[in-house]
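**Student:** Below is the structure I would like to discuss, written out as structure tokens.
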Amino acid sequence: MTDILTSNNTPLAGRRVLIVGAGGFIGGFLAAEALRRGADVTCMVRPSTSRRYLADPALHFAVAESFDSPEAIAAALGTDTDRWDYIIYNLGATKAANFADFNRINFGFLRNFLDALRSTGKIPERLLYMSSLSALGKGDERGYTPMADTMIPNPDTRYGLSKMKAETLLDTTTDIPWTILRPTGVYGPHEQDYLMMVKCIDRHFDFGVGFRRQMLTFIYVEDLARAVFDAVAAPAAKGRKYIVSELQSYSQADFRRIVAEELGTRFILPVRLPLWITRIVCVVAEKWGVAKLKPSTLNTDKYNILRQRNWQTDCSRAVADFGFAPRVGLREGIREVIRAWRADEAAAAAKGR
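Counting in this note's numbering, the sequence shown runs from 67 upward without gaps.
As structure tokens, then:
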């Protein structure tokens, strides 16, 4: 897949890029895309962060012992007078056992990072903050009007609320130039939540929630990485917020059909769970996670996401301001997810021999 995306709209040769929160699924693709564009790339990570997807020897690292204080972050930024041209802030939590952690990580860490930039004099030419479509809350579930950048946010999850608090912090920040992206569901090789759905279909089951029509949107991770570096360098994107998504929506049946065809699986049994049953399952799973001090994939936040019927998006502002043009459709993206999954399984089997 990566050979498809080697051409780019915004070369970064000679530019210095800092990626904060580079150790996760998206972070590895951000680092790879920045390197492909010729940037000098530094990844800010914690000592415990996995570097599995950050193995390129061209990468530099800044290790932050903690993000709980501006002083710890400032120490990681260093004392030299050089600054980064662009900073991609991708640090965040999508699930938590203690929901107060959403506020601490998604809002508090960003506030500390901005303070550290000021104290070290390393304010960049642009900071791009990775938010989420969940920051907007529920869309139109009667007429199915696509969600747009001009919507008044009304987040209905604790995760979405924490992302909106971070956005509001940037709204009130005048000394640091920023851009905000709000991606829809991000998928690709090694991402686990969508892979779990693929695995279910591989076992001939497709679990859905609710009986009303649900329209879904996705963005392949490499398309998101391209959008990040096109947006962060675009003059028109300064101080603006953008939804980013594949420019097409899909029904649950569309998703099931595409995955089944790419798996080569013929018989799939669709199982539709009533919303009330789904809510009970999510509440129980959340309480179990709290008892075990581990975040659960199913929780009350996830219930609000699952019950939402309309995830359709309007990306016209991104198209106009920085030429957003996703190249990878759902079928091709799912093909890459399956290829990577099977390769990982084969490697694990070979290692176990």
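C-beta atoms are modelled at their ideal positions from N, C-alpha and C, and glycine is treated no differently.
Whole alpha helix (DSSP H) runs in the segment 117-143 with 4 or more residues, listed along the chain?
**Tutor:** Correct list: 136-143.
**Student:** Locate the alpha helix (DSSP H) running through residue 346, then write down its first and last residues.
**Tutor:** Residue 346 -> alpha helix (DSSP H) spans 341-358.
**Student:** Helix, strand or coil for residue 249 per DSSP?
**Tutor:** Here residue 249 sits in strand by DSSP.
**Student:** Rounded to whole angstroms, what's the CA-CA distance from residue 370 to residue 383? Just pull it up for me.
**Tutor:** So the alpha carbons of these two residues sit roughly 27 Å apart.
**Student:** Only counting the same chain, and skipping five residues up and downstream in sequence, which positions put a Cβ closer than 6 Å to that of residue 100?
**Tutor:** If we look at residue 100 and ignore the five residues flanking it on each side, its Cβ neighbours are 83, 107.
**Student:** Compute the beta-carbon to beta-carbon distance between residue 190 and residue 150, rounded to the nearest angstrom, for a pair I have assumed lies under 8 Å.
**Tutor:** Indeed, because the Cβ distance is near 5 Å, the residues count as touching under 8 Å.
**Student:** Only counting the same chain, and skipping five residues up and downstream in sequence, which positions put a Cβ closer than 7 Å to that of residue 185?
**Tutor:** Cβ neighbours of residue 185 beyond the five flanking positions: 136, 140.
**Student:** Residue 370 by DSSP, collapsed to three states: which one?
**Tutor:** If DSSP states are grouped into helix, strand and coil, residue 370 belongs with the helices.
**Student:** Flag this pair as touching only if the segment 230-244 and the segment 273-283 have three or more C-beta atom pairs under 8 Å; answer yes or no.
**Tutor:** Contact between the segment 230-244 and the segment 273-283 is absent, because fewer than three Cβ pairs lie under 8 Å.
**Student:** Please name the residue, chosen from 357, 355, 364, 327, that lies closest to residue 426 on a Cα-to-Cα basis.
**Tutor:** Limits of the chain in this structure are 67 at one end and 419 at the other, which puts residue 426 out of reach.
**Student:** Under three-state DSSP, which class holds residue 282?
**Tutor:** In the structure shown, residue 282 sits in a strand (DSSP, three-state: E or B).
**Student:** Give me the residue from 79, 95, 77 with the minimum Cα distance to residue 85.
**Tutor:** Of the listed residues, the one whose Cα sits closest to residue 85 is 95.
**Student:** Below 8 Å on the Cβ atoms is my guess for residue 143 versus residue 182; work out the distance and round it to an integer in Å.
**Tutor:** Contact holds; Cβ gap of about 6 Å.
**Student:** Mind listing, in chain order, the continuous alpha helix (DSSP H) runs of no fewer than 4 residues lying wholly within the segment 150-184?
**Tutor:** Runs found: none.
**Student:** Could you please give the first and the last residue of the uninterrupted beta strand (DSSP E) stretch that includes residue 262?
**Tutor:** Element bounds for residue 262: not the beta strand (DSSP E) but the alpha helix (DSSP H), 259-268.
**Student:** Pick out whichever of 117, 128, 351 has its Cα sitting closest to the Cα of residue 367.
**Tutor:** Minimum Cα distance to residue 367 is reached at 351.
**Student:** State the start and end residues of the unbroken beta strand (DSSP E) segment that holds residue 230.
**Tutor:** Taken as a continuous stretch (DSSP letters only), residue 230 belongs to no beta strand (DSSP E), being part of the alpha helix (DSSP H) at 224-237.
**Student:** Using the three-state DSSP reduction, which class does residue 74 fall into: helix, strand or coil?
**Tutor:** With a pLDDT of only 46 at residue 74, under the threshold of 50, the placement of this residue in the model should not be trusted; the figure read from the coordinates follows. Here residue 74 sits in coil by DSSP.
**Student:** Considering just the uninterrupted stretch of the alpha helix (DSSP H) at residue 295, what are its terminal residues?
**Tutor:** Looking at the DSSP string, the run of the alpha helix (DSSP H) that includes residue 295 is 287-298.
**Student:** What does the alpha-carbon distance come out to for the pair residue 260 and residue 399?
**Tutor:** Cα to Cα, the separation comes out at about 11 Å.
**Student:** For residue 203 versus residue 226, is the C-beta distance shorter than 9 Å?
**Tutor:** Taking 9 Å as the Cβ cut-off, residue 203 and residue 226 qualify as a contacting pair.
**Student:** Apart from the five residues on each side of it in sequence, which residues of its chain come closer than 6 Å, Cβ to Cβ, to residue 286?
**Tutor:** Around residue 286: 254, 394, 399.
**Student:** Please work out which residues of its chain come closer than 7 Å, Cβ to Cβ, to residue 411, disregarding the five sequence neighbours upstream and downstream, and give them in chain order.
**Tutor:** Excluding residues within five positions, none has a Cβ falling inside 7 Å.
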